[in-house]
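Worksheet: the structure to be examined is printed underneath.
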Amino acid sequence: MKKVRTRFPPSPTGHLHIGGARTAIFNWLLARHEKGEFVLRFEDTDRVRSRQDFVDSILQSLEWLGIDWDDGPYFQSERYSIYEEYLQKLLDTGHAYYCTCSQETLNAKRKAAMERGEKPKYDGTCRDKGLPKTEGAVVRFRSPLTGITVVNDVIKGMVSFDNRELDDLIIQRSDGSPTYNFAVVVDDITMKINTIIRGDDHLNNTPRQILLYKALGYPVPVFGHVPMVLGSDRKRLSKRHGATSIAAYKEAGYLPQALVNYLVRLGWSHGDQEFFTIEELVEKFSLENIGHSAGIFNPEKLLALNKEHIMASDPQTLAPYLKPFLAQYRIKVTDDAYLCRAISTLQTRSKTLLDMAKGSLFYFVDHITYEEKAARKFLQPDILATLELLLQKLGTLPDFTEESLKNVFTDMMEETGLKLGSIAQPVRVALTGGTVSPGIFEIMEVLGKKRVTSRLKAAIDYIR
RNA sequence: GGUCCCAUCGUCUAGCGGCUCAGGAUACUGGCCUCUCACGCCAGAGACACGGGUUCAAAUCCCGUUGGGACUACCA
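Be aware that the first sequence starts at 2, since it is given in the numbering used here, and climbs by one per residue.
Here you go:
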């Protein structure tokens with residue numbers, strides 16, 4: 002059995018988006034699962050809309066997702082001589098011909114055909130004229146007039162197309178550049194791609210491409226068309242549906258492994274399993290379990306999965322992802338061990354890294370600023386004596402652990418007759434500035450004796 | 001309009017002829033736990049689009065209807 006060789010061919014006319022990322026992941030996963038190879042290629046034959054900054058952005062997003070490639074990145078714009086070579090083959094064998102019909106007449110004919118209720122396909126005006134190469138002429142593929150072309154799709158099954166539905170598509174523009182259907186085929190042939198997994202919006206292009214493979218005399222690769230990802234209105238995902246670029250999710254505080262997990266699960270399943278690590282996906286991924294119907298992108302489920310990945314990760318692996326978010330709040334972490342201890346207290350209460358960064362600010366600031374409502378409610382003179390007593394007890398505490406701190410509070414409750422809640426909330430405000438935080442004993446242990454005592458003193462001063 | 005694809009709870013899905021008056025996840029509701037917020041646990045509501053076949057038996061196979069999507073460019 003030949004080594005599987007897949008590819009991802011984005012066109013740099015925008016950022017990497019949800020749908021594109023998913024097909025990239027599927028191809029990458031298949032290559033990794035089968036111990037094959039994955040190729041990256043930029044389809045930038047549309048010189049007007051292609052931009053270098055999109056190339057950079059796509060590269061960055063792929064890297065962030067953890068998708069690496071074994072070959073490339075290739076750029077179609079650098080391969081024109083190769084397309085020329087294959088074009089000549091087609092011309093020489095009579096599979097292609099020059100056409101001088103103007104765009105205006107073509108448009109007019111298309112419109113007229115539509116009005117008559119007919120198919121708006123090329124009428125073959127220049128097909129048998131035997132026109133020579135001239136300035137401004139395009140090259141068309143001579144598509145067979147009869148017969149059927151069958152796509153043996155690994156996901157959809159056998160799909161057949163009547164060749165009469167296909168017209169003589171343009172394979173080289175008047176400016177000499179190749180068009181999509183031709184360039185992909187030549188690239189996939191020359192890059193030895195044998196398995197093509199792509200969105201099913203390409204299914205209708207496939208018979209044309211198969212015909213090109215045959216005309217060129219090359220074996221047809223394995224095709225697999227995955228269903229599309231739609232927005233909540235069942236329409237193709239677009240800006241209207243909120244964030245669609247991968248970069249936006251990175252900035253919003255999502256973990257790449259959570260996004261990958263979500264995207265793969267949208268359209269693929271492994272029984273009832275919902276949570277997967279990247280390693281598990283590589284191990285378990287298979288084409289047979291890809292679904293047949295389009296899926297609607299659901300941000301809520303992605304969020305839930307992100308939460309699960311945050312909970313399941315080690316603080317050490319989370320730390321580098323969290324730092325950029327802390328930096329947004331002008332916090333530069335100097336003590337990684339301290340950061341990790343802080344993270345471990347926040348894992349069950351953060352849905353995103355942004356949440357986590359916000360929730361961990363109190364660990365890093367020098368001076369706590371109290372939320373107005375919290376201070377008004379809990380930092381009142383009636384709690385002064387309690388805070389002072391706590392301060393005094395902490396001063397003599399030999400070890401500053403959750404366990405011993407809990408004992409201190411238990412003693413306090415006995416001595417003052419107060420409930421834990423009425424002691425803990427004022428302390429929480431004193432230590433964090435607000436009424437919501439991880440458990441009071443956890444944060445005290447992590448903050449350490451020095452920070453705790455100075456914050457308690459500050460609170461006492463504030464009340465006075 | 002034509003061609004092609006698709007159809008299980010709101011959403012993602014399990015199901016590949018009997019084990020299913022359909023299971024999981026998410027979201028939602030109620031309860032428990034509790035130092036706040038979470039986590040966790042328990043419970044509840046919620047789906048086989050419709051109509052014909054085939055079969056002893058259909059969510060599962062076939063046909064049609066309806067609905068949705070894609071393509072129909074000198075975009076990719």
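For every residue, glycine included, the Cβ atom is placed at its ideal position computed from N, Cα and C.
Taking C-beta atoms as the reference points, I291 and V227 count as a pair closer than 8 Å.
If you draw a straight line from the Cα of V187 to the Cα of A249, it is about 34 Å long.
Residue environment for T147: exposed (fewer than 16 other C-beta atoms within 10 angstroms of its C-beta). DSSP places A97 in the uninterrupted beta strand (DSSP E) bounded by A97 to C100. Annotation for I171: the continuous beta strand (DSSP E) segment containing it runs I171 to Q173.
Excluding the 5 residues flanking it on each side, F277 has same chain C-beta neighbours closer than 8 Å at N262, V265, R266, H271 and K285, in chain order. D462 is the residue among G296, D462, T346 and C341 whose C-alpha sits nearest the C-alpha of P382.
At least 8 Å separates the beta-carbon of I369 from that of R429. By the beta-carbon neighbour count (other beta carbons within 10 angstroms, threshold 16), I197 is buried. Closest in C-alpha terms to N153, from the list K122, G200 and P208, comes P208. Partner residues in the beta bridge of Y75, as assigned by DSSP, are R42. At a cut-off of 3 residues, the continuous stretches assigned as beta strand (DSSP E) that sit fully inside the stretch 184-231 are 196-200 and 223-227. Taking every protein chain shown into account, the CB of E38 has 16 or more other CB atoms within 10 angstroms, so this residue is buried.
In the pairwise beta carbon analysis, the stretch 157-166 is classified as not touching the stretch 60-69: fewer than three pairs are separated by under 8 Å. Scanning L17, D273 and H242 for the CA closest to the CA of F298 turns up H242.
The alpha-carbon separation between D93 and E105 amounts to approximately 29 Å. The C-alpha of L327 is placed about 34 Å away from the C-alpha of L390. H18 sits in a strand when the DSSP states are folded into three classes. T454 is a Cβ neighbour of L395, given a cutoff of 8 Å. Under the three-state reduction of DSSP output, F286 falls in the coil class, being neither helix nor strand. Measuring C-alpha to C-alpha distances from S144 to each of V447, L167 and I464 identifies L167 as the nearest.
The alpha-carbon separation between Y98 and D169 amounts to approximately 10 Å. Proximity to K3 across L406, W29 and K36 peaks at K36, based on C-alpha coordinates. In its chain, beyond the 5 residues on either side, Y98 have a beta carbon closer than 8 Å to the beta carbon of G131. Per DSSP, the unbroken beta strand (DSSP E) holding I149 starts and ends at I149 to D154. Considering only D400, P439 and L282, the residue with the shortest C-alpha distance to F363 is P439. In this structure, T24 and G200 form a Cβ contact; the two beta carbons are roughly 6 Å apart against a cut-off of 8 Å. DSSP, read as helix, strand or coil, puts P399 in coil.
The stretch 257-282 contains, as complete alpha helix (DSSP H) runs of 4+ residues, the segments 257-266 (chain order). Here T150 is buried, its C-beta having at least 16 other C-beta atoms within 10 Å. As the crow flies, the alpha-carbon of K120 is around 32 Å from that of S233. DSSP places I369 outside both helix and strand once states are collapsed to three, so it counts as coil. Between P300 and the set T245, R452, R80 and N195, the nearest pair of CA atoms involves T245. DSSP, read as helix, strand or coil, puts R111 in helix. S62 sits in a helix when the DSSP states are folded into three classes. In the structure shown, F162 falls within a strand segment according to DSSP collapsed to helix, strand and coil.
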